[in-house]
Structure formats: C-alpha cells, structure tokens
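Okay, structure first, notes after.
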Amino acid sequence: MLRKKLLITLTTAQGSRQYTLGQLARYLLALFLLMSVCSFFISNLLLVKTSDALDDLEQGIDSLASQYEMTLGTQELQKGQLDQLSSTLQELKIERDQLQEENLRIGELNETLDASLFGLEGLLGLPPSQEMTSDRADDLTVMTNQRLFFLSVLPNGEPIQGIRISDKFGMRMHPIRKKRVMHNGIDFKANTGTPVYATADGAVEYAGLHKQSGFGKLIILQHALGFKTYYAHLSDVKIKSGTFVSKGQLIGLSGNTGTSTGPHLHYEVRYLFRPVDPEPFVAWNLSNFESLFSEVKGVKWASLRKMYPLNQALQTAQQ
C-alpha cells in the first residue's frame, strides 16, 4: 500500500535530485540547531568582553579619582603644613605665658616646651641644638614668622599634579615654529581637565582667553615683592580678574588651548616682568628654605632683610 508523500525535485546542470518533506525538515532543523549553538557561543564571548570592558572602565574611574585626590592633596598638604606650623607656634607661646604667670610645674612644662621646639627645628630643616635656651626659642619664633611670610606670598610647590615635566626653562626647538626660541617656563604634561592651583596668595591680574600671546586661556596672578605666575593653555578658568586668591586655591583646569601641540600646563614665574626659572620655586619648601636665595639669581634678596617681619631679628639683636 503506497503512502502519500510530498516530493520536491531540484534540477541542476548535474542532474535532478528528489527530496521528501521529511528530509527537508531534518535539514532545516539541523541548520537551526547549528545556528543556535553559534549564537550561544558568540553571545557568551560578547558578554565576557563587555564584562572585561566594564571592569577596565571601573578601574579607570578609580584611578582618576585617586589622581584627583593626590593633586588636591599636593597644595593642601603644603598649606596644611604652614597652618600647622603657625598653630604650633601660637600654642607654644601660650604655654610659655601660662608657665611664667603660674610658676607651677616649671620643670615638666619646660621639658614639654623644649621637646616641641626641638621638633620645630627639625621641621625647619635646622640642625638640633645642644640646649634649648630662651634666646634660641626667640630665634626660632622669628625664623618661623619669616618662613611663614615667604611661603605664603612667594610662589612655591607644584601648581598641578602632572604626569611629568615635558619641557624645561631655557632655549628649545619650538614644536610649531620649528626654530630655537626661548621657553620662559616649564610644561607639565597633564590630561585635559586636571585641576590647577595657585602657588601663593595674590591678586588675579588676568583670567580669560588671551589670543595675542598664543597662551589660549590664561591666568596671571600678582604676588608680593614683584613676583607673578602664569598658567597657560587652560581648558577652563575658575576665577575672575580683580579678585584675590589664596595659596592652594583651585583656579582652573589644564587643557590644550592656544598655540599648543597637546594637553599640558605651561607655568611661568616672573620677577619684575622678567621670566625666571620656575623649578627652584617648585622645589622650595620648609626644609630647604635657604636654597631659593642662592639658586635664583637676578633678585636682590639681601634687601629683603630690611622688611617686616624679617627685620625682627635685627630689632631683637639690638635690644
């Protein structure tokens, strides 16, 4: 007895072939299963790659957050050291006044006071004294006031947590003009948007786009004693002209504006409109305080000794 079957005949140049509906269904089912298996493996591969990309992105975000905190901490640490030094000095003076008024427990309080003053010598980068006399304590007070004054009003420390210094002060081959010219500052290679901080207290002389100089977005700060600092090629300016800023204050973000071949911060220190090498100022701190006055030439540092509070040492000696 013959069963009814649907026959499908395919004719080509090589001849004719016949397929039943059941055979065709099996072929289609096999093809479907093969595609399903391929789709499963491809989907899993894409899922693994996407998961890896998300992990890399998360690590990148954590790294950027860590860099930002490190940058913020650079200037904040220096400012914190100055505040701590001033606070320690004030506390020592209060303790000493109380000691003189009460005249109680003199030995114990003097030991505490001497230990603090010996620690102050170490913070100032001075060799330890054999004995902490009253005259030595007075000298430390005057010296502390001097250094606090200078480190607040003169540029010091890094203005940015850059990747590295890519160009130094001096003659160089200009990357765009292709000839040797004077480079009046140092360049900190840094990603666009890296925070930039004021390196000393001052007034904002200029803050905005400066087309004529090729500096792009530029900030110029006026500091005490004839010094200025320049912060160029910024992507954003966070302060306004005519305002006052304090050391460690956020003033802008690094960028690639103006005549620039890549994102970085161009930083200058000028004395009476004349550029000077910024590197000694960047390295200047409490422990190497005297180094600046011998390394930076062209500034008549000796005349500063007549200024307040530097003249306190002379007045103390004359009394």
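Last residue of the sequence shown? That's 319 in full-length UniProt numbering, and every number before it is there in order. Beta carbons: idealized from backbone N, C-alpha and C, even for Gly.
6 Å CB neighbourhood of residue i in its chain, flanking five on each side removed
i	result
residue 244	203
residue 301	293
residue 289	147
residue 110	Any answer about residue 110 is weak, because its pLDDT of 49 lies below 50 and its placement is not dependable; what the coordinates show is given next. If we look at residue 110 and ignore the five residues flanking it on each side, it has no Cβ neighbours.
residue 260	233
residue 27	none
residue 79	247 and 248
residue 37	none
Cβ shell of residue i (< 8 Å), same chain only, five flanking positions each side left out
i	result
residue 55	none
residue 295	280
residue 223	153, 154, 155, 200, 201, 202 and 229
residue 255	192, 193, 216, 217, 233, 234, 235, 236 and 263
Status (buried if at least 16 other CB within 10 Å, exposed otherwise) for residue i
i	result
residue 270	buried
residue 197	buried
residue 62	exposed
residue 30	exposed
residue 276	buried
residue 127	exposed
residue 41	exposed
residue 227	buried
residue 387	An answer regarding residue 387 cannot be provided, because it is not within the stretch 1 to 319 covered by the chain.
residue 169	buried
residue 47	exposed
residue 330	Lying before the first or after the last residue shown, residue 330 is absent from the chain, which here runs from 1 to 319.
residue 34	exposed
For residue j and residue i, believed in contact at Cβ under 8 Å, the rounded distance
i	j	result
residue 183	residue 232	Contact doesn't hold; Cβ gap of about 12 Å is too wide.
residue 185	residue 215	Not confirmed; about 10 Å, so no contact.
residue 286	residue 124	6 Å
residue 85	residue 141	About 11 Å; that fails the 8 Å criterion.
Length of the line joining the Cα atoms of residue i and residue j
i	j	result
residue 221	residue 247	11 Å
residue 190	residue 58	21 Å
residue 291	residue 172	26 Å
residue 139	residue 96	15 Å
residue 53	residue 60	10 Å
residue 92	residue 143	15 Å
residue 210	residue 268	15 Å
residue 303	residue 297	14 Å
residue 137	residue 87	16 Å
residue 274	residue 299	10 Å
residue 306	residue 180	41 Å
residue 45	residue 51	10 Å
residue 251	residue 49	40 Å
residue 213	residue 278	19 Å
residue 205	residue 135	43 Å
residue 32	residue 39	10 Å
residue 83	residue 151	11 Å
Sequence-distant residues of its chain with Cβ nearer than 7 Å to residue i (five each side left out)
i	result
residue 253	193, 194, 195, 196, 234, 235 and 236
residue 207	219, 237, 239, 240 and 241
residue 164	189
residue 81	286
residue 167	183, 186 and 187
residue 249	197 and 198
residue 43	none
Quiz item: Okay, do the segment 274-293 and the segment 157-167 touch, 3+ Cβ pairs below 8 Å being the bar?
Solution: Taking 8 Å as the limit for Cβ pairs, the verdict is that the segment 157-167 does touch the segment 274-293.
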